[in-house]
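Using the numbering used here, read the first sequence as starting at 35 and increasing by one per residue.
All residues carry an ideal CB built from backbone N, CA and C; glycine is no exception.
A short worksheet on the structure shown next.
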Amino acid sequence: MMFERAILHIDGDSFFASCEVAKNPSLKGKPVITGRERGIVSAMTYEAKAKGIKRGMILSEVRRICPDAIILPSDYETYSIFSKRMYAIVRRYTDIVEEYSIDECFAGIEGPNGREVATSIKQTLERELGMTFSIGLSATKVLAKIGSKWKKPDGLTVIALKDAPLYLDKTPVEKIWGIGPATSLLLNSRGVRTALEFSLKNDAWVRGLLAKPYVEIWKELNGEVVNELDVDGRQTYKSIAKTKTFTPPSHDPAFVYSQLSKNVENACIKLRRWHLEAREAHIFLKTQSFAYHDAKISLPHPTSAPQEILSAISKSFPRIFQRGVRYRATGISLMNLIDSQLPKQLNLFNEYSSGDDIKAVYESMDALSSRYGKHAVFLCSSFSAMNHKNPQDGYGATSERTTNIFKGESGRKRLGIPMLGEV
DNA sequence: TCTGGGGTCCTAGGACCC
DNA sequence: TCTGGGGTCCTAGGACCC
35 MMFERAILHI DGDSFFASCE VAKNPSLKGK PVITGRERGI VSAMTYEAKA KGIKRGMILS
95 EVRRICPDAI ILPSDYETYS IFSKRMYAIV RRYTDIVEEY SIDECFAGIE GPNGREVATS
155 IKQTLERELG MTFSIGLSAT KVLAKIGSKW KKPDGLTVIA LKDAPLYLDK TPVEKIWGIG
215 PATSLLLNSR GVRTALEFSL KNDAWVRGLL AKPYVEIWKE LNGEVVNELD VDGRQTYKSI
275 AKTKTFTPPS HDPAFVYSQL SKNVENACIK LRRWHLEARE AHIFLKTQSF AYHDAKISLP
335 HPTSAPQEIL SAISKSFPRI FQRGVRYRAT GISLMNLIDS QLPKQLNLFN EYSSGDDIKA
395 VYESMDALSS RYGKHAVFLC SSFSAMNHKN PQDGYGATSE RTTNIFKGES GRKRLGIPML
455 GEV
């Protein structure tokens, strides 16, 4: 029909909430919400949406407007299983699959009967996963994205190039994938409000106003493939970040430091899970008024041990921490990551860098955590953060969860042992 | 959208060199 | 030491995504 190769965009409808319903079919037809651990709505079923519940809404507000709402904590392990099943089903139809995110993928469809293939994929996904998907089929990723958003939930929209103007005319520029608030404002200021108006501008106009990514979007709106599918989904990270907001904000350096320390521990857990080591760290403190105090630290050698990172951080922390300022969050981003399983470089003195012993300690700590729950063992410097009960967690005053120390995040009772050390 | 958390890519401009 | 021209590399920050 219209393309020799079409691109399919598949998007799980209310994915997290749908996974919960698929996991527990008795929830079907009910207003189900995920995000309990954060205290705000993360995902919701269409039944919940119909009651006026919105993403980001505070849970107390949810209970007020919808007392029968079922509010569940996020269960990423389950979502990830459904995600993998989704990819696997799509791969029965084509090898050209890009795993774009936990609830979305792109697929390349060869041949003339794209619509039939898309229909069949959709039916199979729904039958085998017990949830609906919205699908767009067109010549480029940007157009396929417009297609999958066109009818939600449970939609299938094929955008042939000759019909594209009909769809683009009804799409405001800010709804185009890759065009955010800043660029929308810029385009609007030049009188461009719809995707159609944008697509009709000439090459010189677009290049004169916008940077490369937007020139590419403009081409894709016109049916020219610029973004090929990234099928070789060897997932790895260029950076790993952990950040956490706490309430109420604090001006106590020891408490703020413990929050940072906990974030460092969490970032390092993820680092080790992916067999990575960091050469560089970026820390920040977010003030009550949303200003950032930050520092960049280069690590003496690649590491995934929180002590080593913390000992580097502890020198910068007093410099960026300002007395009397209240902070609401801390964060760390680890960058310049290398594969820890690669052979080690010798240093100038032809010795392996220190840190190999500490590695053994962390293998044991990770083993303990997998047996007894996350943070079964943790650094002393994280102690007050581990103890801290965060009201935003959405647990009531009579919370069953008193502290992380005596009750694991799994809910099992246990005794955590703070690991005593230098930091 | 009264602002949570985790990522990636691009570019302007500074530092530095010849 | 008021002063041309050209190139590369790196970093900070902007913008965007889910």
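message: Mapping the DSSP letters down to three states, classify L42 as helix, strand or coil.
response: In this structure, L42 counts as strand in the three-state DSSP scheme.
message: Are the CB atoms of L371 and L310 within a distance shorter than 7 Å?
response: Yes. Within cutoff.
message: Let's test the definition: count the other Cβ atoms within 10 Å of the Cβ of G214 and tell me whether it reaches 16, buried, or not, exposed.
response: So G214 ends up on the exposed side.
task: Take V151 and list the residues in its own chain whose beta-carbon comes closer than 7 Å to its own, dropping the five residues that flank it on each side.
output: Same-chain partners within the cutoff: Y127 and I143.
L234 versus K253, K246, P247 and T217, residue with shortest Cα-Cα distance: Looking only at K253, K246, P247 and T217, the smallest Cα-Cα distance to L234 is reached by K253.
- prompt: For T277, which of helix, strand or coil comes out of DSSP?
  reply: Secondary structure at T277: strand, using DSSP grouped into helix, strand and coil.
- prompt: Taking contact to mean at least 3 C-beta pairs separated by less than 8 Å, is the stretch 51-71 in contact with the stretch 86-105?
  reply: Cβ pair count under 8 Å is three or more, so yes.
field: Cβ neighbours of R360 in the same chain (closer than 6 Å, five flanking residues each side left out)
entry: Spatial neighbours of R360 in its own chain (CB-CB distance under 6 Å, excluding positions within 5 residues in sequence) are listed in chain order as P283, H285 and Q322.
message: For W211 and E111, what's the separation of their Cα atoms in angstroms?
response: So the alpha carbons of these two residues sit roughly 28 Å apart.
message: Please identify the residue among V207, H316, P199 and S154 whose C-alpha is closest to the C-alpha of L190.
response: Cα-wise, what sits closest to L190 is S154.
query: Run through DSSP, which three-state label would Y134 get?
result: If DSSP states are grouped into helix, strand and coil, Y134 belongs with the strands.
- prompt: Within 10 angstroms of its Cβ, does T281 collect 16 or more other Cβ (buried), or is it exposed?
  reply: So T281 ends up on the exposed side.
query: Does the pairing of the stretch 401-413 with the stretch 348-356 give three or more beta-carbon distances under 8 Å?
result: Because the criterion of three Cβ pairs below 8 Å is not met, the stretch 401-413 and the stretch 348-356 do not touch.
field: Cβ-based neighbour list, I104, same chain, cut-off 8 Å, excluding 5 preceding and 5 following
entry: Correct list, in chain order: L61, K64, P65, V66 and I67.
message: Tell me the residue span of the alpha helix (DSSP H) that contains L220.
response: Residues P215 to S223.
query: Which residues in the same chain as S52 place their Cβ atom closer than 6 Å to its Cβ, once the five residues preceding and following it in sequence are excluded?
result: Leaving aside the five residues that flank S52 on each side, the residues in its chain whose CB is nearer than 6 Å to its CB run, in chain order, M165.
task: Hey, could you find the ends of the beta strand (DSSP E) P146 is sitting in?
output: Counted as a single uninterrupted DSSP element, the stretch harbouring P146 is not any beta strand (DSSP E), since DSSP gives it neither H nor E.
query: Tell me the DSSP bridge mates of L190?
result: L190 pairs with I169.
task: Would you tell me roughly how many angstroms separate the C-alpha atoms of S418 and S295, rounded to the nearest one?
output: S295 has its alpha-carbon roughly 10 Å from the corresponding atom of S418.
query: What residues are listed by DSSP as bridge partners for F318?
result: According to DSSP, which records beta bridges pairwise, F318 is partnered with D328 and G365.
- request: Return the chain-ordered list of same chain residues with a C-beta closer than 6 Å to the C-beta of S433, the five sequence neighbours on each side being excluded.
  value: Only weak support exists for where S433 lies, its pLDDT of 33 falling under 50; the coordinates are left without a value.
task: Would you mind reading off the limits of the alpha helix (DSSP H) that contains L177?
output: Element bounds for L177: K175 to W184.
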